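Enquirer: Counting from 568, one number per residue, gives the positions in the sequence shown under our numbering. Think of the CB as a built atom: it goes at the ideal place given N, C-alpha and C, for glycine as much as any other residue. No experiment lies behind these values; they were computed from the predicted model shown. Here you go, one structure.
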Amino acid sequence: MKENKNIYLKLLPIMLSFFVMGFVDLVGIATNYVKADFDLTDTMANLFPSMVFFWFLVFSVPTGMLMNKIGRRKTVLISLVVTALALLVPTIHYSYTGMLVAFSLLGIGNTIMQVSLNPLLSNIVSGDKLASSLTFGQFVKAIASFIAPLIAGRAALQFDNWMLLFPLFLVIAVLAILALGMTKIRENDEKGGNSTFAQCFALLGDKIVLLSFLGIFCHVGIDVGVNVTAPKILIERLGMTTEAAGVATAIYFLFRTLGCFTGTFVLARFSAKKFFIVSAVCMALSMLGLFIFDSLMWIYVAIALVGFGNSNIFPILLSQALLHRPDKKNEISGLMMMGIFGGAVFPPVMGFASDTMGSQIGAVIIISIGVLYLLLVSGKIKK
Numbered sequence: 568m569k570e571n572k573n574i575y576l577k578l579l580p581i582m583l584s585f586f587v588m589g590f591v592d593l594v595g596i597a598t599n600y601v602k603a604d605f606d607l608t609d610t611m612a613n614l615f616p617s618m619v620f621f622w623f624l625v626f627s628v629p630t631g632m633l634m635n636k637i638g639r640r641k642t643v644l645i646s647l648v649v650t651a652l653a654l655l656v657p658t659i660h661y662s663y664t665g666m667l668v669a670f671s672l673l674g675i676g677n678t679i680m681q682v683s684l685n686p687l688l689s690n691i692v693s694g695d696k697l698a699s700s701l702t703f704g705q706f707v708k709a710i711a712s713f714i715a716p717l718i719a720g721r722a723a724l725q726f727d728n729w730m731l732l733f734p735l736f737l738v739i740a741v742l743a744i745l746a747l748g749m750t751k752i753r754e755n756d757e758k759g760g761n762s763t764f765a766q767c768f769a770l771l772g773d774k775i776v777l778l779s780f781l782g783i784f785c786h787v788g789i790d791v792g793v794n795v796t797a798p799k800i801l802i803e804r805l806g807m808t809t810e811a812a813g814v815a816t817a818i819y820f821l822f823r824t825l826g827c828f829t830g831t832f833v834l835a836r837f838s839a840k841k842f843f844i845v846s847a848v849c850m851a852l853s854m855l856g857l858f859i860f861d862s863l864m865w866i867y868v869a870i871a872l873v874g875f876g877n878s879n880i881f882p883i884l885l886s887q888a889l890l891h892r893p894d895k896k897n898e899i900s901g902l903m904m905m906g907i908f909g910g911a912v913f914p915p916v917m918g919f920a921s922d923t924m925g926s927q928i929g930a931v932i933i934i935s936i937g938v939l940y941l942l943l944v945s946g947k948i949k950k
């Protein structure tokens, strides 16, 4: 009983850190407000999300190497401090340049956090329970993603200042720093010497690691791709306004969050392989629906299916890779997080395909390629 209590006490600051990890998704709503505040063009405004995804390519592998030197808990603390600084910048100086700096820091902090927080959790929860715990962490993260636009909208309406979002999230980030800073976590499997860049990338020669890396690349590409494309499909096929079509994104996030919550319990009791197959099939059916449906209700059903199906892909693939090579958790975590760069690759390719075909069907084709890969790789998942 005492041991279980100690585990829960250690999980609390980690789950609070997962909540802080979700702050990165405020870039979506913030981009719209900043664009209006500074009368920016789409090109200038779109630099903000690019500032987030770019750093996953640059810092993911170096963070894995850093963890070998200073440990996972200290690395997570660094990520929380960088995130806090990102939230502090617009609080004290709101300008276009200041926001670019803020979102660069937010992207760097989130990259370091994604790489280090997941393997830190594996020091507390291991074996068959890891995928379930990682899924619960994603669920906690999704809560922050949900409430960011709600808080910004409420602050804008009631106080005429959407920027109140930043000091509020800053307080939570500081609380996470204090909570994790006072928590002791044993990291026994950390001691294995330092790795070079060549040794890290050499791990991609391992079939399981490579399949997991490509799977996460596709998972994030699908995630960003659906968010970008779903409203456009409603506008194209049903003539909806941009504001009304935005409901499609809310439906996607709703079912993605529900999927994470469901996965927390399902993965704790049933085979990860079977759940992965079910998830991939849901996404495949969704793609079929997005190809053929023209009615609002059935398009919503298709979006809900891909949201639910894509919700547990990340934790299953990550846990597979971490458990496959427990001696290289830090390096593998860095490689897996580098796969998040897929979110920067899919959208431009989808845009080109849609422009070429003169229809959003082009974008759906590109998303479907990612879904097809996940469907094929589902047979490689260990039970």
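#1: If you check the beta carbons only, do Ala-920 and Met-903 fall under 8 Å apart?
#2: Can you tell me whether Tyr-661 is helix, strand or coil according to DSSP?
#3: With a threshold of 6 Å on Cβ separation, who are the neighbours of Val-938 within its own chain once the five nearest residues in sequence on each side are excluded?
#4: Using CA coordinates, which residue listed in Arg-804, Val-587, Leu-943 and Ser-926 is at the minimum distance from Val-738?
#5: I think Val-625 touches Val-594, with their Cβ atoms under 8 Å apart; what is that distance to the nearest whole Å?
#6: Quick check on Phe-605: does DSSP put it in helix, strand or coil?
#7: Report buried or exposed for Ser-584, applying the criterion of at least 16 other Cβ atoms within 10 angstroms of its Cβ.
#8: For Arg-640, is the classification buried or exposed, using 16 other Cβ atoms within 10 angstroms of its Cβ as the cut-off for buried?
#9: Output yes or no for whether 8 Å exceeds the beta carbon distance between Leu-752 and Lys-577.
#10: Taking 7 Å as the limit between beta carbons, can you name the residues of its chain near Leu-655, skipping five residues before and five after?
#11: Just mark Arg-823 as buried or exposed, buried being the case when its beta carbon has 16 or more other beta carbons within 10 Å.
#12: Given a cut-off of 8 Å, decide if Phe-615 and Ala-597 are closer than it, judged by their beta-carbon atoms.
#13: Using CA coordinates, which residue listed in Val-643, Thr-642, Gly-665 and Ile-934 is at the minimum distance from Ala-653?
#14: Between which two residues does the alpha helix (DSSP H) holding Val-692 run?
#15: Using only the alpha-carbon positions, how far apart do Leu-607 and Asn-690 sit?
#16: Please give the ranges of any alpha helix (DSSP H) in the region 702–766, keeping only runs that are unbroken, at least 4 residues long and fully inside the region.
#17: Tyr-661 and Arg-730 - do their beta-carbons sit closer together than 8 Å?
#18: Between Val-668 and Asp-861, what straight-line distance do the alpha-carbon atoms span, to the nearest angstrom?
#19: To the nearest angstrom, how far is the alpha carbon of Ile-800 from that of Ile-859?
#20: Kindly indicate which three-state DSSP category Lys-949 falls into: helix, strand or coil?
#21: Determine the DSSP secondary structure at Met-904, reduced to helix, strand or coil.
#22: When burial is assigned at 16 or more other CB atoms within 10 Å of the CB, is Tyr-867 buried or exposed?
#23: Please state if the CB of Asn-728 and the CB of Ser-900 are separated by a distance shorter than 8 Å.
#24: Is Pro-893 closer than 8 Å to Leu-701 when the C-beta atoms are compared?
#25: Can you tell me whether Asp-773 is helix, strand or coil according to DSSP?
#26: Helix or strand or just coil, what does DSSP make of Met-530?
#27: So Phe-822 is in the alpha helix (DSSP H); what residue range does that whole segment cover?
#28: Taking C-beta to C-beta, are Ser-699 and Leu-579 nearer than 8 Å?
#29: Apply the 10 Å Cβ neighbour rule to Met-680 and answer buried if 16 or more other Cβ atoms are within range, or exposed otherwise.
#30: So, for Val-601: in the same chain, excluding its five sequence neighbours on each side, which residues have a beta-carbon less than 6 Å away from its beta-carbon?
#31: Confirm, please, whether the CB-CB distance from Phe-832 to Ile-948 is below 8 Å.
#32: May I ask you to verify whether the region 789–805 touches the region 906–921, counting CB pairs closer than 8 Å and requiring at least 3?
#33: Round the Cβ separation of Gly-782 and Ile-880 to the nearest angstrom and send it over; I've been treating them as touching at under 8 Å.
#34: Just to confirm, are Leu-644 and Gly-748 a CB contact at a threshold of 8 Å?
Expert: To lay it out plainly:
#1: Between Ala-920 and Met-903, the C-beta spacing is not below 8 Å.
#2: Reduced to three states, the DSSP call for Tyr-661 is coil.
#3: Excluding five sequence positions before and after Val-938, the CB atoms of its chain that fall closer than 6 Å to its own CB belong to Met-850, Ala-851 and Met-854, given in chain order.
#4: For Val-738, the nearest C-alpha among the options comes from Val-587.
#5: Not confirmed; about 17 Å, so no contact.
#6: Coil.
#7: Ser-584 sits buried, since 16 or more C-beta atoms from the chains shown fall within 10 Å of its C-beta.
#8: In the assembly as shown, Arg-640 is a buried residue. Its beta-carbon has 16 or more other beta-carbons within 10 Å.
#9: Sequence check: residue 752 is Ile here, not Leu. In this structure, Ile-752 sits near Lys-577, with a CB-CB distance shorter than 8 Å.
#10: So the qualifying residues of the chain are Leu-737.
#11: Counting the other CB atoms within 10 Å of its CB gives Arg-823 a total of 16 or more, which places it among the buried residues.
#12: Yes, Cβ-Cβ distance for Ala-597 and Phe-615 is below 8 Å.
#13: Checking every option, the nearest Cα to that of Ala-653 belongs to Gly-665.
#14: Counting along the chain, Val-692 falls outside any alpha helix (DSSP H), and DSSP gives it neither H nor E.
#15: Looking at the backbone, the Cα of Leu-607 and that of Asn-690 are separated by about 45 Å.
#16: With a minimum length of 4 residues, the continuous alpha helix (DSSP H) runs that stay inside the region 702–766 are 732–748.
#17: A quick correction: the sequence has Met, not Arg, at residue 730. The Cβ atoms of Met-730 and Tyr-661 lie closer than 8 Å to each other.
#18: Distance between the alpha carbons of Val-668 and Asp-861 is about 42 Å.
#19: Their backbone Cα atoms lie some 11 Å apart in a straight line.
#20: If DSSP states are grouped into helix, strand and coil, Lys-949 belongs with coil.
#21: Residue state, collapsed to three classes: helix.
#22: Its Cβ being crowded by 16 or more others within 10 Å, Tyr-867 is buried.
#23: No. Outside cutoff.
#24: One thing to note: Leu-701 has its Cβ no nearer than 8 Å to the Cβ of Pro-893.
#25: Note: Asp-773 maps to coil in three-state DSSP.
#26: Outside the shown range of the chain (568 to 950) lies residue 530, about which nothing can therefore be said.
#27: Phe-822: member of the alpha helix (DSSP H) spanning 814–836, first to last residue.
#28: No, they are not a contact pair.
#29: By the neighbour-count rule (16 or more Cβ atoms within 10 Å), Met-680 is buried.
#30: Closer than 6 Å at Cβ, skipping near neighbours: Met-666.
#31: At least 8 Å separates the beta-carbon of Ile-948 from that of Phe-832.
#32: Counting Cβ pairs under 8 Å, three or more are found: they touch.
#33: 7 Å between Cβ atoms; contact.
#34: Yes. Within cutoff.
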